[in-house]
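Visitor: Just so you know, the sequences run in chain order A and B.
Last residue of the first sequence? That's 261 in our numbering, and every number before it is there in order.
Last residue of the second sequence? That's 1251 in our numbering, and every number before it is there in order.
No residue lacks a Cβ here, since even glycine has one placed at the ideal position from N, Cα and C.
Bear in mind the structure is a predicted one, so any value in this text is a computation, not a measurement.
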Amino acid sequence: MNSIFSEELKSLRTHWQMWYLLGSQDIKLRYRRSTIGPFWLTISTAVTIYTMGFLYSYLFRVDIHTYFPYLASGIICWTFISTLVQESSSALIESVTYIKNQASYVSIFLMRLILRNCIVLFHNLLVFIPIAIYLKLGINWQTFLIIPGLFILCVNAFAWGGVIAILGTRYRDFDQIIKSLMQVVFFTTPIMWLPTLLPKEYHWVIDINPFAQYLALIRNPLLGQGFALSTIISVSILSCIGLSFLALCINKYKHRIVFWL
Amino acid sequence: MSSIELKDVSLDYLIKTGTASLKQTLLSLFNPSKNKHIKINNSKFRALNDINLNIKKGDRVGLLGQNGAGKSTLLRVIAKIYAPTSGSLHINGEISNLFDVNLGLNVEATGYENILNLAIMRGWSKQDAFSIVEDIESFTELGDFLKKPVCTYSTGMQMKLVFAVATARPPEIVLIDEIIGAGDARFMKKATQRIEDMVNKSQILVLTSHSNEIIQRFCNKVAILQKGKVIFFGDVAEGIDTYQASLNYSV
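#1: Return the residues of the segment 1142-1173 of chain B that lie within a Cβ-Cβ distance of less than 9 angstroms from chain A, sorted by chain order.
#2: Flag LEU1006/B as yes if its beta-carbon sits less than 7 angstroms from any beta-carbon of chain A, otherwise no.
#3: Applying the criterion that 16 or more other CB atoms from any shown protein chain within 10 Å of the CB defines a buried residue, is LYS1160/B buried or exposed?
#4: I want to see whether chain B comes within less than 7 angstroms of TRP16/A, judged by CB atoms only; does it?
#5: Taking only beta-carbon atoms, is LEU1014/B less than 7 angstroms away from chain A?
#6: With a CB to CB cut of under 8 angstroms and the five nearest residues on each side skipped, what residues in its chain are close to LEU92/A?
#7: Check for me: the beta strand (DSSP E) holding ASP1177/B runs from which residue to which?
#8: Below 9 angstroms between beta carbons is the criterion; list the residues of the segment 93-120 of chain A that meet it against any residue of chain B, in chain order.
#9: Which of the three DSSP states, helix, strand or coil, is assigned to HIS65/A?
#10: Under 7 angstroms, Cβ to Cβ, is there at least one residue of chain C near LYS1227/B?
#11: Which word fits GLU1196/B, buried or exposed, when buried means at least 16 other C-beta atoms lie within 10 angstroms of its C-beta?
#12: Is the segment 1054-1073 of chain B close to the segment 1197-1206 of chain B, with three or more CB pairs under 8 angstroms?
#13: Is DSSP giving ASN1102/B helix, strand or coil here?
#14: For ARG1122/B, name the three-state secondary structure that DSSP assigns.
#15: Below 7 angstroms on C-beta distance, what does MET1001/B contact in chain A?
#16: So which of THR35/A, SER88/A and GLU7/A has the shortest CA-CA distance to VAL163/A?
#17: Would DSSP call PRO1149/B helix, strand or coil?
#18: Please identify the residue among PRO195/A, PRO221/A and LEU222/A whose C-alpha is closest to the C-alpha of ASN282/A.
#19: Within its chain, find whatever has a CB closer than 7 angstroms to the CB of GLY37/A; leave out the 5 residues flanking it on each side and keep chain order.
#20: Establish whether the CB of VAL1009/B and some CB of chain A are separated by less than 7 angstroms.
#21: Give me whichever residues DSSP pairs with HIS1090/B in a beta bridge.
#22: So which residues of chain A does LEU1249/B contact, with C-beta pairs closer than 9 angstroms?
#23: Quick one: Cα of ASP1012/B to Cα of VAL1077/B, how far?
#24: Could you round the C-beta distance between ILE64/A and SER73/A to whole angstroms and report it? I think they count as a contact, below 8 angstroms.
#25: Using a Cβ cut-off of 7 angstroms (strictly closer), state whether ASP1100/B contacts chain A.
#26: Does the beta carbon of MET1/A sit closer than 7 angstroms to a beta carbon anywhere in chain B?
#27: Consider the Cβ of LYS1071/B: report whether some Cβ of chain A lies at a distance smaller than 7 angstroms.
#28: With a threshold of 16 other CB atoms inside 10 Å of the CB of ARG33/A, please say whether the residue is buried or exposed.
#29: Between LYS1044/B, ASN1097/B, GLN1127/B and ASN1067/B, which has its C-alpha nearest VAL1257/B's C-alpha?
#30: Which residue marks the beginning of the alpha helix (DSSP H) containing LEU1142/B, and which one marks its end?
#31: Is it right to say LYS179/A is buried, meaning 16 or more other beta carbons lie within 10 angstroms of its own, or is it exposed?
#32: Under 7 angstroms, Cβ to Cβ, is there at least one residue of chain A near ALA1083/B?
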């Protein structure tokens, strides 16, 4: 029974050329025939961050030197996470021609999505560099925690994304439900607002929010901070739950996916 | 040694006549009486029924049957796109199919880039892809067009390219769902010749076709499907006669 899922995991290695091709091709196609190509991503993120940074630091009355890097890292990371979640629900639907015409693996289409969004993330991270230089944030060893942080995020994107993809294929309105949920999550997660603005007795709102923990995986290294123990624990638990859910879904429903499409 | 062995294989198609909406599913779960108008009756349709087939090296099997008899479904079970609902399937050998030869095509990329794309989506390595380039140059006769984006090609040229890649490496097992032709008569002749070459180098062929001529040309065995069952498996001439007779009978 476990073999279907282990086959899926094995395909990550054996079929890497396939998902690498699909993922990188998605970016190439999206920005075809434009001279600066994917750097449009960098520009649009930069515009959002720079305008919001000035405005909200006044609105919240926070020192711009603390607020700017906080907001920038938050937005960059949130864009990555929320796009992954939202696109997951159509990950299999967009790959219908492959699934219906050859023996294929769910993991290939999940990796296509993850790779594509990692490429977008790397372009968006460029926005952070001038901020870091201007505010002299510097680089310490904790900055390099971004590598394991990103890796764990990708594992979660694979696990939870896979579950969402299977549900999204079965129930076509799942996509809309996810979209509206992510709106709510955006406002309840400390992306634009600082946790210090929230009274101490309401801090549990942040603690129980898995997205706040995911966000910390990239934001903290960018701000030169390490991970809190609570982040490491909750993210590890989330990864385990996610992977077991995925194994369950794939073992049970993989063969039905082609009929749902 | 390639072989395909199907033992008591049955396949149910899931047909969603009911709802594909999570909202409606939940509503009817919580309040069945009020939501009677929402019918959740995802039904099943038995497309293949207890199929037993033993295909060995050297067999070129033509599948005959009326529309809806299960020919394409059977091919897709062998291609491992559909998993059998019951029964077992054993396949030895690398399978390649010509169901959709366009998989991986990126019309914005050049012909040469697309040779790589198409090859990788067929599961071949980069080295394999590079080794077929020369063959494709000579078969397609596209010349300098291969350096241009595929969106500048005519339909026929695009067809030539994807077809050339799909048939460039003979696999051990070839699956073909109808040989449909586009393009001029000369290309059709060349294409059929190329399929024949590929089939000759491969060990097993399974093909569906409505044309007796194609079956006679490519196959040395025939399987007749009727309502998801194999009612005949054997010699070509006898198979075609049996099939014609069954058609006349049912008309």
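Guide: Here's the rundown:
#1: Contacts with chain A (Cβ-Cβ distance below 9 angstroms) from the segment 1142-1173 of chain B involve no residue at all.
#2: Start at 1 with the first residue of the second sequence, and residue 1006/B comes out as number 6. Not an interface residue.
#3: Along the second sequence, read from residue 1 onward, the residue named residue 1160/B stands at position 160. Around the beta carbon of LYS1160/B, 16 or more other beta carbons sit within 10 angstroms, so the residue counts as buried.
#4: The residue given as residue 16/A occupies position 16 in the first sequence. By this cut-off, TRP16/A is not an interface position.
#5: Sequence index remark: in the second sequence, residue 1014/B carries index 14 (1-based). Taking a beta-carbon distance threshold of 7 angstroms, LEU1014/B counts as an interface residue toward chain A.
#6: As a first step, residue 92/A is located in the first sequence; it is residue number 92 there, counting from the start. Only ILE99, VAL106, PHE109, ALA165, ILE166, GLY168, THR169, ILE257 and LEU261 meet the Cβ criterion.
#7: The residue labelled residue 1177/B in the question sits at position 177 within the second sequence. Taken as a continuous stretch (DSSP letters only), the beta strand (DSSP E) holding ASP1177/B covers 1173-1177.
#8: Cβ contacts with chain B: THR97, TYR98, ILE99, LYS100, ASN101, GLN102, ALA103 and SER104.
#9: Counted from its first residue, the first sequence places residue 65/A at position 65. The DSSP-derived three-state label of HIS65/A is helix.
#10: You won't find chain C in this structure, because its protein chains are A and B.
#11: What you label residue 1196/B is simply residue 196 of the second sequence in a count that begins at 1. When all chains shown are included, GLU1196/B counts as exposed.
#12: Contact holds: three or more Cβ-Cβ distances are below 8 angstroms.
#13: For this step, residue 1102/B is matched to residue 102 along the second sequence. Under the three-state reduction of DSSP, ASN1102/B is assigned to coil, being neither helix nor strand.
#14: The sequence position of residue 1122/B within the second sequence is 122, counting from 1. Three-state DSSP puts ARG1122/B in coil, outside helix and strand.
#15: As a position in the second sequence, residue 1001/B is number 1, starting the count at 1. In chain order: nothing, as chain A lies at least about 21 angstroms away.
#16: Working through the first sequence from its first residue, we reach residue 163/A at position 163. If we check each option's Cα against that of VAL163/A, SER88/A comes out closest.
#17: Within the second sequence, numbered from 1, the residue matching residue 1149/B stands at position 149. Strand, per DSSP.
#18: Absent from the structure is residue 282/A, since the part of chain A shown begins at 1 and ends at 261.
#19: By one-based count along the first sequence, residue 37/A stands at place 37. Within the same chain, and ignoring the five residues on either side of GLY37/A in sequence, the residues whose Cβ sits closer than 7 angstroms to its Cβ are TYR31.
#20: In the second sequence, counting from the first residue as 1, residue 1009/B sits at position 9. Not an interface residue.
#21: The count along the second sequence starts at 1 and reaches residue 1090/B at position 90. According to DSSP, which records beta bridges pairwise, HIS1090/B is partnered with GLU1005/B.
#22: As a first step, residue 1249/B must be located in the second sequence, where it is residue number 249. At residue 1249/B the sequence reads Tyr, which differs from the Leu that was named. Within chain A, no residue comes near TYR1249/B; the closest Cβ sits about 33 angstroms away, beyond 9 angstroms.
#23: Taking the second sequence and counting its residues from 1, one reaches residue 1012/B at position 12. Taking the second sequence and counting its residues from 1, one reaches residue 1077/B at position 77. Roughly 11 angstroms between the two C-alpha positions.
#24: Translated into positions along the first sequence, residue 64/A becomes position 64. Translated into positions along the first sequence, residue 73/A becomes position 73. SER73/A and ILE64/A do not touch by the CB rule: their CB atoms are close to 15 angstroms apart, not below 8 angstroms.
#25: Taking the second sequence and counting its residues from 1, one reaches residue 1100/B at position 100. At a cut-off of 7 angstroms between beta-carbon atoms, ASP1100/B makes contact with chain A.
#26: On the first sequence, position 1 is the one that residue 1/A refers to. Bear in mind that a pLDDT of 46 at MET1/A, under 50, signals an unreliable position, so the model cannot answer this.
#27: The sequence position of residue 1071/B within the second sequence is 71, counting from 1. By this cut-off, LYS1071/B is not an interface position.
#28: Here residue 33/A is taken as the residue at index 33 of the first sequence, counted from 1. So ARG33/A ends up on the exposed side.
#29: The structure shown does not extend to residue 1257/B, since chain B spans only 1001 to 1251, so no value can be given for it.
#30: Here residue 1142/B is taken as the residue at index 142 of the second sequence, counted from 1. In the DSSP assignment, LEU1142/B falls outside any alpha helix (DSSP H) and carries neither an H nor an E.
#31: In the first sequence, counting from the first residue as 1, residue 179/A sits at position 179. Its Cβ having fewer than 16 others within 10 Å, LYS179/A is exposed.
#32: As a position in the second sequence, residue 1083/B is number 83, starting the count at 1. Yes, ALA1083/B lies at the interface with chain A (some Cβ there is under 7 angstroms from its Cβ).
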